[in-house]
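Chains as they are written, first to last, in this note's numbering: chain A, 75 to 380; chain B, 21 to 354.
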Amino acid sequence: MYRYFLAKIGQSVLLLFGVIVLVFFMVRLTGDPASLMMSRNASPEQMEAFRERMGFNRPVYVQFADFFTGALVGDFGNSLHFKSPALPLVLERLPATVQLAVVGLLIAMFIGIPLGLLGGFQPGSAIDSIGRGLALLGQSIPNFWLALIMILFFAVRLGWFPSFGRDRWDSVIMPAFVLGLPTLGQLVRLTRSAVLEIRSADFIRTAYSKGLEPRVIYAKHVFRNVAIPLVSVIGVQFGYMLGGSIYIESIFAWPGMGQLLEQAIGWRDFPLVQAIAVFTSVVVLALNIFTDLAYAIIDPRIRYGS
Amino acid sequence: MPTILEVNNLVTRFYTLDGVVHAVNGVSFHLEEGETLAIVGESGSGKSVTMMSILGLIPSPPGKIESGEAYLYDGYERRDLLKMSDAELREIRGGQIGFVFQDPISSLNPVLTIGEQIAESLVRHLGLSREEARDRTIELLDLVGIPDPKARYRNYPHQFSGGMRQRVMIAIAIACGPKIVIADEPTTALDVTIQAQIVELFLRLQKELGMAIIWITHDLAVVSGLADRVLVMYGGRVAEVAPVDDLYEQPRHPYTVGLLGALPRLDSRESRRLVSIQGAPPDLLIPLKHCPFAWRCEYAFDRCWEEIPTLQPAGLNRKVACFYDLERGKPRHD
Ligand SMILES: Nc1ncnc2c1ncn2[C@@H]1O[C@H](COP(=O)(O)OP(=O)(O)OP(=O)(O)O)[C@@H](O)[C@H]1O
Ligand SMILES: [Mg+2]
């Protein structure tokens, strides 16, 4: 198992290297990064001065070595807009994004998993139909549209929740719900199908043949097996929520990394964009490793290698 | 020996989208204390469904037990398993009747230790505490021949070989001191050498614990060294039942003759499955009005196409469902 994790960490490091390379060349694809970053009506002198300051005049491999060693220690240069180091600006926004993702994930788990379990235990029942309906909605409604509808209805019409910002405790609920809904849908479907599959497994027949109560069979024999596929999906979805909330943060004016990224792109603040991109990758890769670890903890077949 | 289980006219059907599967069509047999009854028959002949029906393990829907009785004897008292509530049946399952299934790889829960899977039955039926159950489980692992049982208690199924897993299954089946163990093809999924070890283990356990065994199998070669009596099933019915030696010496049903003919010689390397009887078993979707074996039978005559033969006494401790008297070489008169 240790070898497995060493390999996993090695893979992640390689991937991260790939991300850094991509991020570096991303702004150089057009040939001249200065023209990409400066406004169109900058004078040639201003452009030249900018190139000089950013070191764009140096050979590419020198620039890359520079960028790479900087990235390793978390130095992505100064944000062009804020005129201060980029990474601390990103970290400042981290708590808001994490809060949104955590609440979104909790909503998805606490609604999605029970609905999936009930649907799987009693396929065709009313609760199963509700769960499947919600799953379908969750996976097919575009999130920006849902966000707007929710703002119109729950914030403007009913006044239950604030329509934007992060200054009340309940500000997080609407954006988190919108963010978590696709995951909720996926969890309903996955839990349901896992229950249906495990229910008819041979070892469940064995459990019945021992005279165990159905309650025990579901809680112990079925659920522990259902939990295994759930862990990996939850891990992946959490990573996606941490990195992918640009629309939702923008619509709800949620001061997180997604909103910052959207702004940074608008400002052509590439050092900031690069810092966000690399940082998000680190988070997602780390999360993947944790997911695998959790997987190994609940699945003895992985823990004790077979 | 006194009877411990008596099944009369069991009928089980499956109501599927394709139609009604007539899986078990009036099966009757009895089991005596401490004996081994082998149930043989081609795939689909209703062996598993018969046993599952008796203990309420039929998935329902689509399965439904239409009629029949299944008396479990306790001294002079008897109770009908088919009329019991779910709660009463759960007391019987694992408590008085243990099961061993065919595939030891898929029959154990992959995410629970094997110790836990044995111990939970002890806690459930004998009301042992966790510690008592653990100690007893370690004894059971020792009893079924698992080396180093203390350490093995904490292992998971995938850490065992196929044969060892089947020993674990057997430990589960005998854990609460059942009077009957039903083994549904317990050796089919195993290597030949391991098969012999498992058969031996059953024989030893039966000697030590005295339970009756119902051994479902395709493999007539195993049966001869193991069973006291043999029940031959065909198309969801009993074709013949007889003491094992009598059956081998003088089969009374043409289907049994076919089965014995299909028995591979020990020196042959062919599959041990019973496949070489001409023709196909009946389609269970169609309810029959005649003998289900008639179209495969070289002795079939008019009556075989007009009526379904019922199980009739035919010699000492034997019964057969056939209109043709193989011994005398002519139709039976009754
Ligand atoms: N859940 C089910 N739904 C529909 N039909 C079923 C179901 N379970 C069993 N049957 C049918 O019942 C019939 C008898 O099956 P059974 O499993 O008892 O056969 P068997 O004699 O045990 O065969 P094998 O040697 O292959 O185990 C088969 O035709 C099978 O298709
Ligand atoms: Mg079977």
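C-beta: ideal position from N, C-alpha, C; glycine also.
B/Q122 and B/A193 do not touch by the CB rule: their CB atoms are close to 13 Å apart, not below 8 Å. With the rule of 3 Cβ pairs closer than 8 Å, the region 165-180 of chain A counts as touching the region 246-259 of chain A. Distance from the C-beta of B/K103 to the nearest heavy atom of ligand 1 is not below 6 Å. Along the region 270-303 of chain A, the positions whose C-beta sits under 9 Å from a C-beta of chain B are S274, A275, D276, F277, I278, R279, T280, A281, Y282, S283, K284, G285, L286, E287, P288, V290, K294, H295, R298, N299, A301 and I302, read in chain order. For B/N29, the enclosing beta strand (DSSP E) starts and ends at T23 to T36. A/I223 and A/P216 have their C-alpha atoms some 11 Å from each other. Taking 6 Å as the cut-off, one finds at least one heavy atom of ligand 2 near enough to the beta carbon of B/K67. At a cut-off of 7 Å between C-beta atoms, B/S126 counts as an interface residue with respect to chain A.
Restricted to the region 117-179 of chain A, the alpha helix (DSSP H) segments that are unbroken, complete and at least 4 residues in length are 118-128 and 134-146, listed in chain order.
Collapsing the DSSP output to three states places B/N45 in a strand. Comparing alpha carbon positions, the residue from A/L96, A/K294, A/V290 and A/P288 closest to A/I372 is A/K294. Relative to the non-hydrogen atoms of ligand 1, the Cβ of B/G64 comes within a distance shorter than 6 Å of at least one. Neighbours of A/Y378 in chain B, taken as residues whose beta carbon is under 7 Å from its own, are Y176 and Q179 in chain order. DSSP places B/H178 within a helical segment (H, G or I) once states are collapsed to three.
For A/R77, no CB of chain B lies under 7 Å from its own CB, so it is not counted at the interface with that chain. For the region 363-375 of chain A, the beta-carbon criterion of a distance under 8 Å to any beta-carbon of chain B is satisfied by I372, D373, P374 and R375.
Counting other Cβ atoms within 10 Å of its Cβ, B/D204 reaches 16 or more and is therefore classed as buried. The contact set of B/D123 on chain A, defined by CB atoms closer than 7 Å, consists of D276 in chain order. One alpha carbon belongs to B/S244, the other to B/P82, and they sit about 36 Å apart.
With a threshold of 7 Å between beta carbons, B/P130 makes contact with chain A. B/N337 and B/L229 have their C-alpha atoms some 26 Å from each other. Contact annotation: A/L189 and A/V262 have beta-carbon atoms nearer than 7 Å. Rounded to the nearest whole angstrom, the CA to CA distance from B/I138 to B/L161 is 9 Å. Taking each of B/A191, B/L128, B/H50 and B/P307 in turn and checking the Cα distance to A/T280, the smallest one comes out for B/L128. Contact of B/S141 with chain A by beta-carbon distance below 9 Å involves K284, G285 and L286. Rounded to the nearest whole angstrom, the C-alpha separation of A/F344 and A/F98 is 10 Å. Between the alpha carbons of A/I247 and A/T265 lies a distance of about 24 Å.
Going by beta carbons, A/I320 and A/L335 fall inside the 7 Å limit.
At least one CB of chain A lies nearer than 7 Å to the CB of B/L77. For B/G114, the residues of chain A that pass the 7 Å Cβ criterion are S283, K284 and G285, in the order they occur in the chain. Residue pairing of B/M253 in beta bridges, as defined by DSSP: B/V258. Within the region 214-301 of chain A, the alpha helix (DSSP H) runs of at least 4 residues that lie entirely inside it are, in chain order, 217-224, 247-273 and 276-283.
Looking at the DSSP output, B/D345 bridges to B/K350. Just so you know, the alpha carbons of A/F227 and A/K157 end up roughly 40 Å apart.
A/I201 is not a Cβ neighbour of A/L191, given a cutoff of 7 Å. In this structure, the CA atom of B/L30 is about 15 Å from the CA atom of B/P307.
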